[in-house]
Amino acid sequence: MRFDATEVEIAVPARRLPAVRMAGFRQRAPVRRDIGMIAHPAVTLLIDLSQDASLSFDVNGAARRGSVVVGLLPGELHATGLARVDCLQIRLEPVAAAAVLGPAAELTGAVVALDEIWGAEAVRVEDRLRAATSWDDRFALAAELVTRRAAARRVDPEVAHAWRRTLGARGRLRVAGLADEVGWSRQRLWSRFRAQLGITPKHAARLIRFDHAAHLLAAGHPPAGVAAEGGYTDQSHLHREVLAFTGLSPAGVAAAPWLSFDDVAWP
1 MRFDATEVEI AVPARRLPAV RMAGFRQRAP VRRDIGMIAH PAVTLLIDLS
51 QDASLSFDVN GAARRGSVVV GLLPGELHAT GLARVDCLQI RLEPVAAAAV
101 LGPAAELTGA VVALDEIWGA EAVRVEDRLR AATSWDDRFA LAAELVTRRA
151 AARRVDPEVA HAWRRTLGAR GRLRVAGLAD EVGWSRQRLW SRFRAQLGIT
201 PKHAARLIRF DHAAHLLAAG HPPAGVAAEG GYTDQSHLHR EVLAFTGLSP
251 AGVAAAPWLS FDDVAWP
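Residue numbers for the sequence shown follow full-length UniProt numbering, so the first one is 1 and each next one is one higher.
Quick look at the structure:
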């Protein structure tokens with residue numbers, strides 16, 4: 001199942017914050033839609049702005065409704081719109097997530113209700129965003145919220161540097177080289193990175209590399225070419241990594257509906 005402009009309205013902000021990406025989604029017709037979500041190298045806030053909390057999630061067989069935070073590597077996750085859905089999606093790179101939400105390590109592998117993290121503020125945030133008259137106003141409110149919360153804490157500059165370098169290189173860097181760049185031992189970088197971002201540098205590189213490969217597959221590139229461009233040893237290596245992250249084959253990822261609007265939502 002693929003999406004087109006007649007089914008889902010997508011809005012994006014004119015300006016973006018560092019390490020933060022936002023998009024607004026409005027399902028035009030009140031129909032049930034089941035979407036298998038693909039892992040991204042980001043912690044994701046899905047803020048349900050529908051009037052009747054229409055968004056629901058199935059997380060490894062457990063149901064959740066309303067606004068959630070999707071941590072890194074959440075496992076099998078399906079989102080379902082039971083009626084007309086308005087949703088603000090905020091993707092936070094792990095460095096930003098650790099500042100905005102607290103240590104990202106606590107979110108790895110988890111899907112958590114937003115009010116479990118923000119308490120009563122989650123309801124106030126939803127109400128303010130729902131009352132806004134345009135997506136531009138919603139983006140401005142969300143940007144103010146993220147900026148304010150991010151000012152309260154920071155990750156180590158060395159960890160932030162290692163993340164940015166890994167992301168920029170699409171996962172094709174060695175941990176020893178990153179440790180040399182920041183002047184730490186390999187063991188110290190490994191430990192601090194995992195404690196603050198929730199995954200090891202090596203696993204972060206795998207996730208970033210997979211994300212690039214998944215988008216190439218969704219764009220119609222053949223698996224053999226994706227394996228070569230993505231830095232995999234061969235097509236079988238790509239297949240094993242895609243299966244490990246999604247439970248799908250490369251062909252299954254290429255058809256994943258969650259990726260079909262990524263180029264529009266996250267240009």
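We put the beta carbon where it would ideally sit given N, CA and C, even for glycine.
Residue i - DSSP class collapsed to helix/strand/coil
i	result
F139	helix
A11	strand
V31	Legend: pLDDT at V31 = 49, less than 50; position of this residue unreliable, value from coordinates given subsequently. Coil, per DSSP.
residue 330	For the chain, the structure presents residues 1 to 267; residue 330 sits outside this window and is missing.
G119	coil
I208	helix
D86	strand
A265	helix
G24	strand
T166	helix
V43	strand
V100	helix
L92	strand
G255	It should be pointed out that residue 255 corresponds to Ala in this sequence rather than to Gly. Coil.
V125	helix
Close Cβ partners of residue i (< 6 Å) along its chain, the five nearest in sequence each way excluded
i	result
L216	V226
E93	A19, A42
Cut-off 8 Å between Cβ atoms - residues of its own chain near residue i, not counting five sequence neighbours on either side
i	result
Q89	M22, A23, G24, F25, T44, L45, L46, I47, A265
G102	I117, R153
L167	P41, E93, I208
W184	E158, R192
Cβ separation of residue i and residue j, assumed to be a contact under 8 Å, to the nearest whole Å
i	j	result
A205	L173	7 Å
L259	A218	4 Å
Assigned exposure category for residue i - 16 Cβ within 10 Å defines buried
i	result
G109	exposed
R194	buried
G119	exposed
Same chain, Cβ closer than 7 Å to residue i, five either side skipped, listed in chain order
i	result
V68	L46, F57, V111, V112, A113, L114
A224	Q235
Min CB distance residue i to chain D below 8 Å
i	result
R192	The question asks about chain D, but that chain is absent: this structure has only one protein chain.
Kindly provide the ranges of any alpha helix (DSSP H) runs that are 4 or more residues long and lie completely inside the stretch 222-250, ordered along the chain.
223-230, 235-246
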